[in-house]
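A.B. asks:
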Amino acid sequence: MISLAKAQENNAVSPRSLKLVTEEYPPLNTMDKEGRITGSATELLRLAAENKNIHLDIEMLPWKRAYQITLNHPATCIYSTWRTPEREKTFQWIGPLGNDAWSFFAPKNKKIQIISLNDTYQYRVGGIDGWAFTQYLQSNNHPYLDLIPVEDETNALKLQKGRIDLWATGRISGHQIIKQTKISDIEEVFAVREIGLWLACNTDTDPKIVDDLQNALDQFERDGTATKIRTTFKF
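When we follow the working numbering, the leftmost residue of the sequence shown carries the number 1433, and every step to the right adds one.
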């Protein structure tokens, strides 16, 4: 009886577990020089999990692979994920982790003017395969898409070298990549949609864990903790 009681006690205080998968999307989720996954969203989620006694296992993967893993495995979540109407019923949502936009960037010297999505159809557009933004462009039959699986920084370099005419990316990450790479001759020229970034969890994930993390994030927004973390990462 003592052993059983002790086992039950240990089980009661043992942390719950959640698998998080992510990609390189600075400054929300990124890898530091020591190979540690960090960023404003990462540290917010780590603190929320610690606050609610939830153990996180975080792994950085190419987006399409991370997305499929989340769809197929309970207790698995992916971030930072654009929350779209098409994805709404596919996941349980925790957040927001940040406010973003689907934006096009262009070389400053090209003087490209975009006032609607149709205006981009005459240009070669680079982006990341599997992102909601590029899927949106594909669904609208964009004729000139040049997509790569990982490393959006490559698209900024391709734009600078004239291998693409427009770069389709998130506003937050786009400006961060420009800052990190010191490519000063690129500018944002058009935003298709304002959109939030969230933690998206497999629908079979324990709803109590989802609620606990959401409550922790809500508290961090109220008490200023979230703002402090974002400021640390200059977001």
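The C-beta atom is built at its ideal place from N, Cα and C for all residues, glycine as well.
1) Would you tell me roughly how many angstroms separate the C-alpha atoms of Lys1542 and Pro1459, rounded to the nearest one?
2) Near Ile1560, which residues of its chain fall below 8 angstroms by C-beta distance, leaving aside the five closest residues on each side in sequence?
3) What is the DSSP secondary structure of Gly1562, reduced to helix, strand or coil?
4) Given this structure, state the Cα-to-Cα distance separating Asp1644 from Asn1483, to the nearest angstrom.
5) Going by beta carbon distance, what residues of the same chain come within less than 6 angstroms of Ile1604, once the five residues before and after it are set aside?
6) So who's on the other strand from Gln1706, going by DSSP bridges?
7) Ignoring anything shorter than 4 residues or poking outside the segment 1482-1562, list the alpha helix (DSSP H) runs there in chain order.
8) Given a threshold of 16 other Cβ atoms within 10 Å of its Cβ, counted over all protein chains shown, does Ile1434 qualify as buried or as exposed?
9) Between the beta-carbon of Phe1652 and the beta-carbon of Ser1535, is there less than 9 angstroms?
10) Using the Cα positions of Leu1549 and Tyr1555, report the straight-line distance between them to the nearest angstrom.
11) According to DSSP, is Val1642 helix, strand or coil?
12) According to DSSP, is Gly1602 part of a helix, a strand, or is it coil?
13) Can you find the residues in the same chain that come closer than 6 angstroms, C-beta to C-beta, to Tyr1511, ignoring five residues on each side of it along the sequence?
14) From Ile1596, Leu1598, Leu1591, pick the residue whose C-alpha is nearest to that of Thr1613; which is it?
C.D. replies: In short:
1) Taking the straight line from one Cα to the other gives about 28 angstroms.
2) Trp1495, Thr1566, Leu1579, Ile1580, Pro1581, Val1582, Asp1584, Asn1587, Thr1601
3) coil
4) When rounded, the distance between both Cα atoms is 9 angstroms.
5) Asp1532
6) In the structure displayed, the chain extends from 1433 to 1667; residue 1706 sits before or after that span and is not available.
7) 1495-1504
8) With a pLDDT of only 41 at Ile1434, under 50, the local geometry of the prediction cannot be trusted, and the value read off the model is given with reservation. Ile1434 should be labelled exposed.
9) no
10) 11 angstroms
11) Helix.
12) DSSP places Gly1602 in strand when its eight states are reduced to three.
13) Thr1454, Ala1473, Leu1631
14) Leu1591
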